[in-house]
Amino acid sequence: MFLPPPSAASPGVLLVHGAWHTGHAWDGVAAGLRARGVTVAVAELHRGSLAADIAAAEAALDRLAAGGPAVVCGHSYGGAVITGLPPHRIGHLVYLAAMMPDHGETALGLLASAPPTDLRTSMIGDPAGTTTIDPKAAGGLFHSQLGEEERARHTAALVPQLMAPGHQPTTSAAWHRRPSSYVVCTEDRAMHPDLQRRFAARATRTLTWHSDHGVFASHEAQTVGLLHRLATGSRPTRAG
6 MFLPPPSAAS PGVLLVHGAW HTGHAWDGVA AGLRARGVTV AVAELHRGSL AADIAAAEAA
66 LDRLAAGGPA VVCGHSYGGA VITGLPPHRI GHLVYLAAMM PDHGETALGL LASAPPTDLR
126 TSMIGDPAGT TTIDPKAAGG LFHSQLGEEE RARHTAALVP QLMAPGHQPT TSAAWHRRPS
186 SYVVCTEDRA MHPDLQRRFA ARATRTLTWH SDHGVFASHE AQTVGLLHRL ATGSRPTRAG
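With the working numbering, the residue at position 195 of the sequence shown is 200, and numbering never jumps.
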């Protein structure tokens with residue numbers, strides 16, 4: 006596993022969740038970082054558009070010291086959100102099995118360009134353009150590496166997802182101007198690892214974890230370790 010070198014200490018870490026999730030997905034990671042003395046802000050998305058979700062993430066940055074530049078971490082669709090943040094507010098971008106679009110690319114277009122996964126057959130749509138994840142499929146789709154009880158807890162917290170943001174193109178790409186780390190999750194059943202490797206080629210550094218899509222839960226300690234290291238400039242630990 007190749008870890009990025011230490012960076013200068015940042016004012017804290019911003020965590021941005023993915024589609025069908027809420028900020029509570031980060032509860033374990035946020036608690037782990039705070040226990041190590043790192044200030045954490047958690048964005049809440051589902052604002053109706055990619056631009057509005059980016060604005061919500063930028064507003065969450067205001068809760069950190071001086072508003073940045075911070076370590077910003079996105080999971081899944083959250084990667085498209087952190088990509089659109091103003092570069093001057095970012096110290097380091099971290100993509101966890103996440104979208105890493107370039108100018109003009111859309112999240113759903115990128116998914117369509119990759120080999121199919123179980124995500125396509127797990128979505129239940131409605132005429133209003135909102136989808137939910139089939140409860141019978143959600144556990145295996147997102148959290149195949151968790152125990153039954155923990156898996157059920159995470160999947161019970163999933164919410165409907167308006168699909169419009171996934172069709173909206175990226176208008177700015179902060180990773181062109183700021184350093185980034187991409188975590189490829191090799192056991193992901195929602196976002197194909199081949200697509201993740203394409204994104205990783207855009208990043209400054211690549212890490213490969215044998216994780217399911219819900220890396221924030223199955224690899225919580227490693228996620229905390231990585232973000233702590235980037236936020237404080239400390240040496241890597243065995244877990245991070």
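Note that beta-carbon positions come from the ideal geometry of N, C-alpha and C, so glycine has one too. Only a predicted model underlies this, so the values are computations on that prediction, with no experimental measurement involved.
Counting pairs of Cβ atoms below 8 Å between the stretch 120 to 130 and the stretch 173 to 183, do you hit three or more?
With a cut-off of 8 Å, the stretch 173 to 183 and the stretch 120 to 130 do not count as touching, because too few Cβ pairs lie within range.
Close Cβ partners of Ile-138 (< 7 Å) along its chain, the five nearest in sequence each way excluded:
Residue mapping note: residue 138 aligns to position 133 of the sequence shown, counting from 1. So the list reads Trp-25, Ser-127, Met-128, Leu-146, Leu-163, once near-sequence residues are dropped.
Do Thr-27 and Glu-63 have their CB atoms nearer than 9 Å?
Taking the sequence shown and counting its residues from 1, the one referred to as residue 27 is at position 22. Taking the sequence shown and counting its residues from 1, the one referred to as residue 63 is at position 58. Not a contact, by the Cβ cut-off of 9 Å.
Taking Lys-141 as the reference, give the member of Gly-134, Ile-95, Ala-161, Leu-38 with the closest Cα.
For the purposes of this step, residue 141 is identified with residue 136 of the sequence shown, where counting begins at 1. Put simply, of Gly-134, Ile-95, Ala-161, Leu-38 the residue whose alpha carbon is nearest the alpha carbon of Lys-141 is Ala-161.
Are the CB atoms of Gly-83 and Ala-103 nearer to each other than 9 Å?
Residue numbering aside, residue 83 sits at position 78 when the sequence shown is read from its first letter. Residue numbering aside, residue 103 sits at position 98 when the sequence shown is read from its first letter. Contact flag set, yes.
Check whether the stretch 179 to 195 and the stretch 203 to 213 are in contact - that is, three or more C-beta pairs closer than 8 Å.
Cβ pair count under 8 Å is three or more, so yes.
Quickly, what does DSSP pair Ser-186 with across the bridge? List them, please.
Along the sequence shown, one-based indexing puts residue 186 at 181. Per DSSP, Val-99, Arg-210.
So the alpha helix (DSSP H) Val-47 belongs to, where does it begin and stop?
For the purposes of this step, residue 47 is identified with residue 42 of the sequence shown, where counting begins at 1. Bounds of any alpha helix (DSSP H) do not take in Val-47; it lies within the beta strand (DSSP E) bounded by 45 to 48.
Quick one: using the 10 Å Cβ neighbour count with 16 as the cut-off for buried, is His-218 buried or exposed?
One-based indexing of the sequence shown puts residue 218 at position 213. The residue is buried, with at least 16 neighbouring Cβ atoms inside 10 Å.
Is Ala-60 helix, strand or coil by DSSP?
Translated into positions along the sequence shown, residue 60 becomes position 55. In this structure, Ala-60 counts as helix in the three-state DSSP scheme.
Is the distance from the Cβ of Ala-179 to the Cβ of Leu-101 below 9 Å?
Your numbering for residue 179 matches position 174 in the sequence shown. Your numbering for residue 101 matches position 96 in the sequence shown. The beta carbons of Ala-179 and Leu-101 sit no closer together than 9 Å.
Considering Cα atoms alone, identify which of Ile-95, His-224, Asp-193 is closest to Pro-16.
Residue numbering aside, residue 16 sits at position 11 when the sequence shown is read from its first letter. The alpha carbon of Pro-16 has as its nearest neighbour, out of Ile-95, His-224, Asp-193, the alpha carbon of Ile-95.
Can you tell me where the beta strand (DSSP E) holding Ala-75 begins and where it ends?
Walking along the sequence shown from the start, residue 75 turns up at place 70. For Ala-75, the enclosing beta strand (DSSP E) begins and ends at 75 to 80.
Using the Cα positions of His-197 and Ala-57, report the straight-line distance between them to the nearest angstrom.
Against the sequence shown, residue 197 aligns to sequence position 192. Against the sequence shown, residue 57 aligns to sequence position 52. Approximately 27 Å, taken between the alpha carbons.
Going by DSSP in three states, Pro-173 sits in which element: helix, strand or coil?
Looking up residue 173 in the sequence shown gives position 168. The sequence given here has Gln at residue 173, not Pro. In the three-state reduction of the DSSP assignment, Gln-173 falls in the coil class.
Using the DSSP secondary-structure output, state which residues sit across from Ser-87 in a beta bridge.
Start at 1 with the first residue of the sequence shown, and residue 87 comes out as number 82. It is Ile, not Ser, that sits at residue 87 in the sequence shown. According to DSSP, which records beta bridges pairwise, Ile-87 is partnered with nothing at all.
How many angstroms separate the CA atom of Glu-225 from the CA atom of Gly-33?
For the purposes of this step, residue 225 is taken as residue 220 along the sequence shown, with counting starting at 1. For the purposes of this step, residue 33 is taken as residue 28 along the sequence shown, with counting starting at 1. Their backbone Cα atoms lie some 7 Å apart in a straight line.
In this structure, how does DSSP classify Gly-33 when only helix, strand and coil are distinguished?
The count along the sequence shown starts at 1 and reaches residue 33 at position 28. Here Gly-33 carries a helix assignment [DSSP, helix/strand/coil].
On the DSSP bridge list, what partners appear for Thr-136?
To locate residue 136, count along the sequence shown from 1; it is residue 131. Bridge partners of Thr-136: Gly-130, Gln-166.
How far does the alpha helix (DSSP H) with Leu-20 in it extend, from its first residue to its last?
Counting from one through the sequence shown, the residue named residue 20 turns up at place 15. Taken as a continuous stretch (DSSP letters only), Leu-20 belongs to no alpha helix (DSSP H), being part of the beta strand (DSSP E) at 18 to 21.
To the nearest angstrom, how far is the alpha carbon of Val-43 from that of Leu-235?
Against the sequence shown, residue 43 aligns to sequence position 38. Against the sequence shown, residue 235 aligns to sequence position 230. If you draw a straight line from the Cα of Val-43 to the Cα of Leu-235, it is about 11 Å long.
Near Gly-37, what residues of its chain come up, given a Cβ to Cβ distance below 6 Å and the 5 sequence neighbours on each side ignored?
If you number the sequence shown from 1, residue 37 lands on position 32. Hits under 6 Å: Val-229.
So, using beta-carbon positions, are Leu-20 and Ala-40 closer together than 9 Å?
Position 15 of the sequence shown, counting from 1, holds the residue named residue 20. Position 35 of the sequence shown, counting from 1, holds the residue named residue 40. The answer is no: Cβ separation not under 9 Å.
Opening and closing residue of the alpha helix (DSSP H) in which Ala-112 lies
For this step, residue 112 is matched to residue 107 along the sequence shown. DSSP places Ala-112 inside the alpha helix (DSSP H), whose first and last residues are 112 to 117.
Within 10 Å of its beta-carbon, does Asp-199 have 16 or more other beta-carbons around it, so buried, or fewer, so exposed?
In the sequence shown, the residue the question calls residue 199 occupies position 194. Residue environment: Asp-199 is assigned as exposed (fewer than 16 neighbouring CB atoms within 10 Å of its CB, all protein chains considered).
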